[in-house]
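J.: Chain order of the listed sequences is A, B and C.
Mapping of the first sequence onto numbering that gives the first Met the number 0: residues 0 to 433, in sequence order.
Mapping of the second sequence onto numbering that gives the first Met the number 0: residues 0 to 304, in sequence order.
Mapping of the third sequence onto numbering that gives the first Met the number 0: residues 0 to 187, in sequence order.
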Amino acid sequence: MPSRVLFGAVRLVDPVAGHDAVTNVLVEDETISAIGRDATGGPRVDVLDCEGLILAPGLVDLHVHLREPGFEHKETVESGTRAAAAGGFTAVCAMPNTDPVTDNSAVVMEVRNLAEKAGLCDVFPAGAITRGLAGESLTDIAEMAEAGVRLLTDDGQCVQSSRMMRLALEYAKAFDVAISQHAQDAALSEGWQMHEGYYSAMLGLPGVPAEAESIVIARDLALARLTGGRLHVTHVSAAQSVDLIRQGKERGLRLTADVTPHHLSLLDEDLVTYDTSLKVNPPLRGVEDREALREGLVDGVLDAVATDHAPHAAEDKEQEFDQAPPGTIGLETALAVLLTELVAPGRLSLSQAIERLSVRPAQILGLDEHGGPLTPGRPANLVVFDPAVEWTVGEQPFFSMARNSAFAGRALKGRVLHTMLRGTFTVREGEPTR
Amino acid sequence: MIKHLLSINQLSREDILKVLDTAESFREVGTRVIKKVPALRGRTVVNLFYENSTRTRISFEIAAKRLSADVINFTTSGSSVAKGESLKDTALTLQAMGADAIVIRHSSSGAPHTLSGWVSASVLNAGDGTHEHPTQALLDLFTIREHFPSFEGLRIAIVGDVRHSRVARSLTFATVKMGGQVTLVGPPTLIPPEAPAWGAEVSHQLDDVLPKLDVCYMLRVQRERQRQQFFPSIREYSRLWGLSRARVEELPEAALIMHPGPMNRGVEIASDVADLPRALIVDQVTNGIAVRMSLLYLMLGGDGA
Amino acid sequence: MGGPLPMTGFAEQGRLLDDGEMRRALTRIAHEILERNKGAGRVVLAGIAARGDDLARRLASEIERIEGVAVPVGVLDITFYRDDIGMRAEAPEVHQTKIDFDISGTTVVLVDDVLFTGRTIRAAMDALVDFGRPQAIQLAVLVDRGHRELPIRADYVGKNVPTRKDEEVQVRLAETDGEDAVVVGERT
Numbered sequence: 000m001p002s003r004v005l006f007g008a009v010r011l012v013d014p015v016a017g018h019d020a021v022t023n024v025l026v027e028d029e030t031i032s033a034i035g036r037d038a039t040g041g042p043r044v045d046v047l048d049c050e051g052l053i054l055a056p057g058l059v060d061l062h063v064h065l066r067e068p069g070f071e072h073k074e075t076v077e078s079g080t081r082a083a084a085a086g087g088f089t090a091v092c093a094m095p096n097t098d099p100v101t102d103n104s105a106v107v108m109e110v111r112n113l114a115e116k117a118g119l120c121d122v123f124p125a126g127a128i129t130r131g132l133a134g135e136s137l138t139d140i141a142e143m144a145e146a147g148v149r150l151l152t153d154d155g156q157c158v159q160s161s162r163m164m165r166l167a168l169e170y171a172k173a174f175d176v177a178i179s180q181h182a183q184d185a186a187l188s189e190g191w192q193m194h195e196g197y198y199s200a201m202l203g204l205p206g207v208p209a210e211a212e213s214i215v216i217a218r219d220l221a222l223a224r225l226t227g228g229r230l231h232v233t234h235v236s237a238a239q240s241v242d243l244i245r246q247g248k249e250r251g252l253r254l255t256a257d258v259t260p261h262h263l264s265l266l267d268e269d270l271v272t273y274d275t276s277l278k279v280n281p282p283l284r285g286v287e288d289r290e291a292l293r294e295g296l297v298d299g300v301l302d303a304v305a306t307d308h309a310p311h312a313a314e315d316k317e318q319e320f321d322q323a324p325p326g327t328i329g330l331e332t333a334l335a336v337l338l339t340e341l342v343a344p345g346r347l348s349l350s351q352a353i354e355r356l357s358v359r360p361a362q363i364l365g366l367d368e369h370g371g372p373l374t375p376g377r378p379a380n381l382v383v384f385d386p387a388v389e390w391t392v393g394e395q396p397f398f399s400m401a402r403n404s405a406f407a408g409r410a411l412k413g414r415v416l417h418t419m420l421r422g423t424f425t426v427r428e429g430e431p432t433r
Numbered sequence: 000m001i002k003h004l005l006s007i008n009q010l011s012r013e014d015i016l017k018v019l020d021t022a023e024s025f026r027e028v029g030t031r032v033i034k035k036v037p038a039l040r041g042r043t044v045v046n047l048f049y050e051n052s053t054r055t056r057i058s059f060e061i062a063a064k065r066l067s068a069d070v071i072n073f074t075t076s077g078s079s080v081a082k083g084e085s086l087k088d089t090a091l092t093l094q095a096m097g098a099d100a101i102v103i104r105h106s107s108s109g110a111p112h113t114l115s116g117w118v119s120a121s122v123l124n125a126g127d128g129t130h131e132h133p134t135q136a137l138l139d140l141f142t143i144r145e146h147f148p149s150f151e152g153l154r155i156a157i158v159g160d161v162r163h164s165r166v167a168r169s170l171t172f173a174t175v176k177m178g179g180q181v182t183l184v185g186p187p188t189l190i191p192p193e194a195p196a197w198g199a200e201v202s203h204q205l206d207d208v209l210p211k212l213d214v215c216y217m218l219r220v221q222r223e224r225q226r227q228q229f230f231p232s233i234r235e236y237s238r239l240w241g242l243s244r245a246r247v248e249e250l251p252e253a254a255l256i257m258h259p260g261p262m263n264r265g266v267e268i269a270s271d272v273a274d275l276p277r278a279l280i281v282d283q284v285t286n287g288i289a290v291r292m293s294l295l296y297l298m299l300g301g302d303g304a
Numbered sequence: 000m001g002g003p004l005p006m007t008g009f010a011e012q013g014r015l016l017d018d019g020e021m022r023r024a025l026t027r028i029a030h031e032i033l034e035r036n037k038g039a040g041r042v043v044l045a046g047i048a049a050r051g052d053d054l055a056r057r058l059a060s061e062i063e064r065i066e067g068v069a070v071p072v073g074v075l076d077i078t079f080y081r082d083d084i085g086m087r088a089e090a091p092e093v094h095q096t097k098i099d100f101d102i103s104g105t106t107v108v109l110v111d112d113v114l115f116t117g118r119t120i121r122a123a124m125d126a127l128v129d130f131g132r133p134q135a136i137q138l139a140v141l142v143d144r145g146h147r148e149l150p151i152r153a154d155y156v157g158k159n160v161p162t163r164k165d166e167e168v169q170v171r172l173a174e175t176d177g178e179d180a181v182v183v184g185e186r187t
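1. Who are the near neighbours of C/E178 in its chain, counting only those whose CB is closer than 6 Å to its CB and skipping five residues on each side?
2. Tell me the DSSP secondary structure of C/M0 in three-state form.
3. For C/I65, would you say it is in contact with chain B, using Cβ-to-Cβ distances shorter than 9 Å as the test?
4. So B/R168 contacts chain A; which residues on that side make the cut at Cβ distance below 7 Å?
5. For the beta strand (DSSP E) that contains A/M419, what are its first and last residues?
6. With a threshold of 9 Å between beta carbons, is B/G185 in contact with chain A?
7. Quick one: what's got a C-beta closer than 7 Å to A/A33's C-beta in the same chain, skipping five residues either side?
8. Quick check: the stretch 12-29 of chain A against the stretch 357-377 of chain A, are there 3 or more CB pairs under 8 Å?
9. Less than 9 Å between CB atoms is the rule here; does A/E27 satisfy it with respect to chain B?
10. Tell me whether the stretch 392-405 of chain A and the stretch 9-17 of chain B touch, counting them as touching only if at least three CB pairs, one residue from each stretch, are closer than 8 Å.
11. May I ask which residues mark the beginning and end of the beta strand (DSSP E) holding C/Q137?
12. In whole angstroms, what is the alpha-carbon distance linking B/D160 and B/G29?
13. Does any CB atom of chain D fall closer than 9 Å to the CB of C/A88?
14. Comparing the C-beta of B/Y216 with each C-beta of chain C, is any distance below 9 Å?
15. Strictly under 9 Å for the Cβ-Cβ distance: is C/Q95 near chain B by that measure?
16. Report yes if the CB atom of B/L138 is closer than 9 Å to the CB atom of B/V290, and no otherwise.
17. Is A/K116 buried or exposed, if buried means 16 or more other CB atoms sit within 10 Å of its CB?
18. Who pairs with A/F424 in a beta bridge, going by DSSP?
19. With three or more beta-carbon pairs closer than 8 Å as the criterion, would you say the stretch 278-296 of chain A touches the stretch 228-248 of chain A?
20. Taking the Cβ atom as the reference point for each residue, do B/F141 and B/D213 lie within a distance shorter than 9 Å?
21. DSSP on A/Y273, reduced to helix/strand/coil?
22. Taking only the alpha-carbon atoms, compute the straight-line gap between C/M0 and C/T106 and give it to the nearest angstrom.
23. Could you pull out every residue in the same chain whose Cβ sits closer than 8 Å to the Cβ of B/V284, ignoring the five residues on either side in sequence?
24. Among the residues of its own chain, which have a CB less than 7 Å from the CB of C/E174, if the five just before and after it don't count?
25. Given a threshold of 16 other Cβ atoms within 10 Å of its Cβ, counted over all protein chains shown, does A/M419 qualify as buried or as exposed?
26. Taking 9 Å as the CB-CB cut-off, is B/S119 touching chain C?
27. Indicate the three-state DSSP secondary structure (helix, strand or coil) for A/K73 in the structure shown.
28. Can you give me the Cβ contacts of C/Y80 inside the same chain, cut-off strictly under 7 Å, excluding the 5 residues immediately before and after it?
29. Do you know offhand how far B/K211's Cα is from B/L183's?
30. Along chain C, in chain order, which residues have C-beta atoms closer than 8 Å to that of B/A62?
31. In chain order, what residues of the same chain have a beta carbon less than 6 Å from the beta carbon of A/D60, not counting five sequence neighbours either side?
32. Measuring only between beta-carbons, confirm whether A/F174 sits less than 9 Å from chain B.
33. In three-state terms, what does DSSP make of B/I1?
34. Around the C-beta of A/E50, are 16 or more other C-beta atoms found within 10 angstroms, so that it is buried, or is it exposed?
35. Spatial neighbours of A/A379 within its chain, please: C-beta separation below 7 Å, excluding the five flanking residues on both sides.
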């Protein structure tokens, strides 16, 4: 017997199909069955009244740390994908700084199997660029690509050697994968705790200047031009970096970039209380940087929003500032932050926000099944959210195992109600179904 | 009065004057035969020193005892601090012990801020990493006030490794707040470019600055900084920014020479200069006790609501 | 040394002593001190800050006028000995203490403006005892307004004035308040 769900009177926002209107959406088994005001689905259909709600392609996150294998006290594939589903995501790209490092197809398959078993969200593991993230020798890229890897990164580490980066960009051209760089010059970043500026000087914390990021991006753009390779820059944090990426795109390089919700909303000055939840890598920067990131996201220089969801155990974050590891969780707040900080004030339209949270990331990863369009016959990977509901972060428990949210205590607007993965609810009425 | 003293910026101008004026009364207590008053009887003050600092710790200990408070010392040479217990667990222990005030010195900037989130006691910052040392700045102002009646227009140079100095930060913020003029002097690599935003001038030429000073405040320069290449050699540093006997001649006669200690004789200050009577290095100990008594009294003498 | 009394928030309802009455009361007390102690020989005055010390100085000049002897006068701030530290929002304000003579073996006459619950005097005695061992301690006050909470009594009293507990008695002195008077009123 087919499972049938009707989302009634919902505002369907589908950037690829060019749809933004109130309608009914009928889902049958794994696919979208019908769209239209007259789609009713007949008898024995699960009808959900979605007045005032928005239905969009499920969100896709290019950058999350699921911590499994190796760091299961911080997060597991199961808890991480549950958090992802709660945040409206139907696909995530898991970072390879696991233990053992995801630098071979065995670990890739392990992560995929764990995700499949949990059944909450599709996981496309990223493979490491270099073995063990050591920056010295390339991984078996072809083998990992065959195992389903769409993006390679040494994230956590930066590929420091120009030669290694060049070889990676060149070699990867033969395969349909992106090389994603965590841009951070090691020598300039030694001992860093936060962004180098007025606040780091006042707080007595060693700072890392924006140049530590932009220098690497400038070099990598030159290498991308040299090799014709495909470069992705992740978690861009500085105005200088946005300028370089803009120039790179104008020059026709195969270049994409993402930015985190916390860099789009928070600043280095928020660190005056030494709150370790705000200690992130790259660090929160100044007002001009945040403004440049917002502009870059609006005009498309920055293609996508990716959370860099980085869970940590409570005791690791509850330490002296310089002892605490950097990172914030982000899966469950990403949509709300975009809605509150950029859509509500009118800088981004809802459709543009969905593009950056779903469509573009899906394209960058080459995922056909995600990012829409949500038209009849297409897989029902979707999210339904209420753009008006006001909530305070942390008032209700997170579905992630971790609590280290940079947005703890903040008032946000917008909350996910339902998430569907191939026609099956992974989240229903705000609660994960498994 | 504020509940925690984490940064000197938390004190208003009036607060600073109140601390200094109250310290005068406590200085008088120090001249009595019985150097003790019952003001904080029954309170418990904990010295939580993660960094070795005998002088500062003893100063706080004497201050608390002269107020009749009970003192407990948690220092790196003994107790749980050495055994690797986390700051949070130590905080919870102190909370359970009923500490009224915790004086903390720590090598991590912001540790007092972090601690204050875990305890209901008053937290006093006795030096955190390269961030601040508020009580040192207050005792320095107290000492200066003995020689100069007003801070308005007071010309003070702070010389040395400003970048890594918590004393420099606190003293700069405090002096500027009281209407004084601060000039930070040292190599460009050791003075943060944002320092002018603190209200201070910057100079890299010590000789230009000396003739127009009321106070010449020398900071300790660690040899470690040369290893980290903030300047090429001790010799060059000392030649350009060290306070030599010759440089002392360039200072106005009434100018004070100060140093928070401990000194690196031969690096930032010549040995014979350190022993001059006008070098007020050692005498800051007495004033330190009076100022710390004043702080403990003002912070714990209210109902803490 | 205390500063002028706040004029706002206080509604004056009566004058207990005018300047003439105050002057005569102090003169009488000076005579009584000399009579009781058979001269000024071992007498020292310790005024309790903030108004007690001005009164102590006036008493000292009266004694000098009458007997030709300059008795030592000290200022005693009892703030650190109060029994109510930690009960108000802010720590009680401190004043100066200056006792630069040895009190051991002397008769210390504590001088204060108003005697009320007796707690200030209890604190003053504890403070004094930390300075040395007087042979005797006596107490001179300008006004005794009753309502003692501790077993304390004054040896020399300017005027006994029964008051309600909720009333406030203000001693104004020319040195700080511009006039000499003792007034009674209410907090508004």
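For every residue, glycine included, the Cβ atom is placed at its ideal position computed from N, Cα and C.
T.: In terms of the structure at hand:
1. Within the third sequence, residue 178 of chain C is the residue found at index 179, counting from 1. So the list reads R171, once near-sequence residues are dropped.
2. Indexing the third sequence from 1 puts residue 0 of chain C at position 1. Below a pLDDT of 50, predicted positions are generally treated as unreliable, and C/M0, at 43, falls in that range; no measurement from the model is reported.
3. Looking up residue 65 of chain C in the third sequence gives position 66. No, no contact with chain B.
4. Taking the first residue of the second sequence as 1, we reach residue 168 of chain B at position 169. Ordered by position in chain A, the residues that pass the 7 Å Cβ test against B/R168 are G203.
5. Taking the first residue of the first sequence as 1, we reach residue 419 of chain A at position 420. Counting along the chain, the beta strand (DSSP E) containing A/M419 begins and ends at 410-420.
6. For the purposes of this step, residue 185 of chain B is taken as residue 186 along the second sequence, with counting starting at 1. With 9 Å as the cut-off, B/G185 does not count as an interface residue toward chain A.
7. Within the first sequence, numbered from 1, the residue matching residue 33 of chain A stands at position 34. Counting only Cβ-Cβ distances below 7 Å, and skipping sequence neighbours, we find L25, P375.
8. yes
9. Position 28 of the first sequence, counted from the first residue, corresponds to residue 27 of chain A. No, A/E27 lies away from the interface with chain B (no Cβ there is under 9 Å from its Cβ).
10. No, the stretch 392-405 of chain A is not in contact with the stretch 9-17 of chain B.
11. As a first step, residue 137 of chain C must be located in the third sequence, where it is residue number 138. First-last of the beta strand (DSSP E) with C/Q137: 135-143.
12. If you number the second sequence from 1, residue 160 of chain B lands on position 161. If you number the second sequence from 1, residue 29 of chain B lands on position 30. Their Cα atoms are separated by approximately 34 Å.
13. Of the chains in the structure shown, none is chain D; the protein chains are A, B and C.
14. Counting from one through the second sequence, the residue named residue 216 of chain B turns up at place 217. No, B/Y216 does not count as interfacial toward chain C.
15. Position 96 of the third sequence, counted from the start, is the residue given in the question as residue 95 of chain C. So, interface residue.
16. Here residue 138 of chain B refers to the residue found at position 139 of the second sequence. Here residue 290 of chain B refers to the residue found at position 291 of the second sequence. Cβ atoms of B/L138 and B/V290: closer than 9 Å.
17. Looking up residue 116 of chain A in the first sequence gives position 117. Exposed is the label assigned to A/K116, since fewer than 16 other Cβ atoms lie within 10 Å of its Cβ.
18. As a first step, residue 424 of chain A must be located in the first sequence, where it is residue number 425. A/M419.
19. yes
20. Here residue 141 of chain B refers to the residue found at position 142 when the second sequence is read from its first residue. Here residue 213 of chain B refers to the residue found at position 214 when the second sequence is read from its first residue. Not in contact: B/F141 and B/D213 (Cβ atoms no closer than 9 Å).
21. For the purposes of this step, residue 273 of chain A is taken as residue 274 along the first sequence, with counting starting at 1. Of the three classes helix, strand and coil, the one that applies to A/Y273 here is coil, per DSSP.
22. Within the third sequence, the letter at position 1 stands for residue 0 of chain C. Within the third sequence, the letter at position 107 stands for residue 106 of chain C. Only weak support exists for where C/M0 lies, its pLDDT of 43 falling under 50; the value from the coordinates is given anyway. In a straight line, the C-alpha of C/M0 is about 25 Å away from that of C/T106.
23. Numbered from its first residue, the second sequence carries residue 284 of chain B at position 285. Same-chain partners within the cutoff: R54, S58.
24. Position 175 of the third sequence holds residue 174 of chain C. Scanning its chain for C-beta atoms nearer than 7 Å, with the 5 sequence neighbours on each side dropped, one finds around C/E174 the residues D53, in chain order.
25. For the purposes of this step, residue 419 of chain A is taken as the residue at position 420 of the first sequence. A/M419 comes out buried.
26. Counted from its first residue, the second sequence places residue 119 of chain B at position 120. False, the Cβ-Cβ gap to chain C never drops below 9 Å.
27. Mapped onto the first sequence, residue 73 of chain A falls at position 74. A/K73: coil per DSSP, three-state reduction.
28. Working through the third sequence from its first residue, we reach residue 80 of chain C at position 81. Excluding positions up to five away in sequence, the list reads A122, D125, A126.
29. Your numbering for residue 211 of chain B matches position 212 in the second sequence. Your numbering for residue 183 of chain B matches position 184 in the second sequence. About 14 Å.
30. By 1-based counting over the second sequence, the position of residue 62 of chain B is 63. Correct list: empty, because the minimum Cβ distance to chain C is about 13 Å.
31. As a working mapping, residue 60 of chain A is identified with position 61 in the first sequence. The residues are F88, V91, A305, T306.
32. Position 175 of the first sequence, counting from 1, holds the residue named residue 174 of chain A. For A/F174, the answer is no, since every Cβ of chain B falls outside 9 Å of its Cβ.
33. Within the second sequence, numbered from 1, the residue matching residue 1 of chain B stands at position 2. Coil, per DSSP.
34. The sequence position of residue 50 of chain A within the first sequence is 51, counting from 1. Exposed, since its Cβ has fewer than 16 Cβ neighbours within 10 Å.
35. Along the first sequence, read from residue 1 onward, the residue named residue 379 of chain A stands at position 380. Only V26, E29, T30, I31, M419, R421, G422 meet the Cβ criterion.
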